[in-house]
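This note's numbering applies: residue 212 is where the sequence shown begins, and numbers increase by one. Beta carbons are placed, not taken as given, at the ideal position from N, Cα and C, and that holds for glycine. This one's a predicted model, so the numbers in the text were calculated from it and none came from an experiment.
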Amino acid sequence: MREEIIYLLKLKDSPDRKALFDLANAVRRDNMGETIFIKGIIEFSNYCKRDCTYCGIRASCKVKRYRMEPDEIVEAAIDAAKHGIDTVILQSGEDPFYTTDIMIDIIKRIKIGAKKPISLSIGERTPEEFKLFKEAGASKCLLKQETVNPRIFKAVHGSDYEIRISLLKTLVSLGYIAGGGDIIGLPDQTPGDIADDIIFMRDNGIKMVGIGPFIPTKNTPLENHPVGSADMTLNAYACTRLAIPNVLMPTTTALGTIDEGLQYKGFEAGCNVIMVNFTPDKYRQVYRIYDNKRKVEFYETVHELLKRGKKLSFSVMKALKEEEMV
Ligand code: SF4
C-alpha cells in the first residue's frame, strides 16, 4: 500500500494521473454524493502560544494581534449560518485567553443561535476540555498532525508529537468527526512521509482531512523555503479519497494562494468541501498564517461553483434564493 501511494503521489500530468483523479472523483460521488459542502470559518483570535516555524502568527512573529469578544464570535457565526453554510468553523491560534468556560459558553450560544454543526480548530486542549466542548455542542474538531514523521514534526512544530497524536485519537474516541491533515513540502519531507500521513489517517478513524501546500511567510524561520508542490497536493487529495472514501476534504485556501484556479482543481481530485471566510473585515487582514492569503468570499465562491456546474447543499441554495442571489 505505502509503495503504491508513493507512486501515485509522484505522478506528473499523464494518462495515469487522469485515471487517478477520475477514480478519486467516482469514489467521492459514490460515497458522498455530488454536493460540495461550504464551511464558514471565523478566525476569532490570532494569538498563539506556539512557535511553529512555518506559521505567520507564531508567538515570536511581530504581528498585530486581535481577539474577538465572545459576543462578536457568536454574532459572526449566526451571520454565517444565515448564508446557509453547512458548518461553522471556529478557528484561532492556541490562545489560553479563551478559557474552558468561555469556549463552552461560545459553543452553546452558537449551537442555539446558528443551528449548524460546529467545528473547532483551536489547537491543543486537554482531553477533558475536548469532552466538555463536545457536550456543549461541537461535533467536529480539526487537529492536523502536520506530519507523522516525528523528526520533522519536532523540527517545525511547537508541541509534543506524542501528545498531539494521542489527542487526535482522543477526539475520535470522544465521537467527534475528527480532522487530521498535513502540509506538503515541509523541509526534509519525502513522498514516503506523505504516504505515511494518509495511512495514519485511514487507520485512525479520521473523517476530515486538510492538506495544503507549504507557503513561505516572511519573518518566519522558513521564509526562504520553497513553496510546496501543487501537483503533489492534488495527488495527495486523490490518494486520501481512495484511502478514506467518505472523508470530508476541503480543497484548501493555501492551494488557492498559489493560483486561484488550483483551488477549484481540487474538486477534480476528490475534494468535496470549500471554506469561506466569515471573519469580520476589521480582523481579517491581521490573521495571516501565510503571506498573500486569498480572501475567499462567500458570494464569489458560490457563484464560481455554480458556474462550474457544482451542486451545493439545500440550505445554501435556499439562502441564496431568499436573497435573490440566484
Ligand atoms: S500553526 Fe497553529 S499552533 Fe502553530 S504557531 Fe500557527 S496557529 Fe499556533
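I think residue i touches residue j, with their Cβ atoms under 8 Å apart; what is that distance to the nearest whole Å?
i      : j      : result
Asp404 : Ile363 : 7 Å
Ile329 : Lys322 : 6 Å
Gly423 : Leu466 : 6 Å
Ile315 : Pro281 : Incorrect: roughly 11 Å between the Cβ atoms, too far for contact.
Gln356 : Asp408 : 7 Å
Arg335 : Leu354 : Residue 335 is actually Glu in this sequence, not Arg. So it is a contact: roughly 7 Å between Cβ atoms.
Ile252 : Asn415 : Contact doesn't hold; Cβ gap of about 24 Å is too wide.
Thr311 : Leu343 : 6 Å
Leu378 : Pro338 : 7 Å
His294 : Phe509 : 6 Å
Take residue i and list the residues in its own chain whose beta-carbon comes closer than 8 Å to its own, dropping the five residues that flank it on each side.
i      : result
Asn324 : Rather than Asn, the amino acid found at residue 324 in this sequence is Gly. Contacts found: Val285, Ala288, Ile289, Ala292.
Glu515 : Tyr475
Glu434 : Pro427, Thr428
Pro491 : Met279, Glu283, Ala287
Val438 : Gly396, Pro424, Phe425, Ile426, Pro427, Ile469
Glu410 : The sequence shown places Ile at residue 410, not Glu. Only Met212, Arg213, Ile216, Ala454 meet the Cβ criterion.
Gly472 : none
Lys529 : Gly295
Ser440 : Ile395, Gly396, Pro424
Gly520 : none
Ile374 : Glu335
Tell whether a beta-carbon distance below 8 Å holds between residue i and residue j.
i      : j      : result
Ala454 : Leu231 : no
Pro461 : Met486 : yes
Lys429 : Gly390 : no
Ile395 : Ala480 : no
Lys418 : Ile388 : yes
Met212 : Asn483 : no
Ser576 : Asp306 : Past the boundaries of the shown model lies residue 576; the chain is included only from 212 to 537, so the question cannot be answered.
Ile247 : Lys518 : no
Gln302 : Ile268 : no
Val458 : Ile249 : no
Phe308 : Tyr277 : no
Thr358 : Leu331 : no
Gly386 : Lys345 : yes
Leu222 : Arg228 : yes
Tell me which same chain residues have a C-beta within less than 6 Å of the C-beta of residue i, skipping the five on either side of it?
i      : result
Arg452 : Ala235, Val238, Arg239, Gly481
Tyr494 : Tyr277
Asn360 : Asp404
Val513 : none
Glu245 : Lys522
Arg413 : Ala454, Ile455
In chain order, what residues of the same chain lie with their CB nearer than 7 Å to the CB of residue i, ignoring the 5 residues before and after it?
i      : result
Gly477 : Leu445, Tyr448, Thr462, Leu466
Leu382 : Phe341, Cys352, Leu354, Ala389
Ile217 : Pro402, Gly403, Ala406
Lys365 : Tyr372
Pro456 : Val238, Asn242
Arg320 : Val285
Gly348 : Ile318, Lys319, Lys322, Ile329
Lys326 : Ala292
Thr431 : Thr264, Tyr265, Cys266, Gly267, Arg269, Cys272
Glu533 : none
Less than 7 Å separating the Cβ of residue i from some heavy atom of the ligand ADP?
i      : result
Ile268 : Among the ligands modelled here, namely the ligand SF4, the ligand ADP does not occur.
task: Report yes or no: do the region 257-272 and the region 367-383 share at least 3 C-beta pairs separated by less than 8 Å?
output: Taking a cut-off of 8 Å for Cβ pairs, the region 257-272 and the region 367-383 touch, as three or more such pairs fall below it.
- prompt: Taking three-plus beta-carbon pairs below 8 Å as touching, is the region 296-304 in contact with the region 395-409?
  reply: no
task: Quick one: which unbroken beta strand (DSSP E) runs of 3-plus residues sit fully inside the region 413-495? Chain order, please.
output: 419-424, 484-488
- request: Please list the segments of the alpha helix (DSSP H) lying wholly inside the region 301-381, counting only runs of 4 or more residues, in order along the chain.
  value: 311-325, 338-347, 361-367
message: Threshold first: 4 residues or longer. Then list the alpha helix (DSSP H) segments lying entirely within the region 216-252, N to C.
response: List check, alpha helix (DSSP H) in window: 226-243.
- request: Any chance you could list the alpha helix (DSSP H) runs of at least 4 consecutive residues sitting entirely within the region 258-307, in chain order?
  value: Runs found: 281-293.
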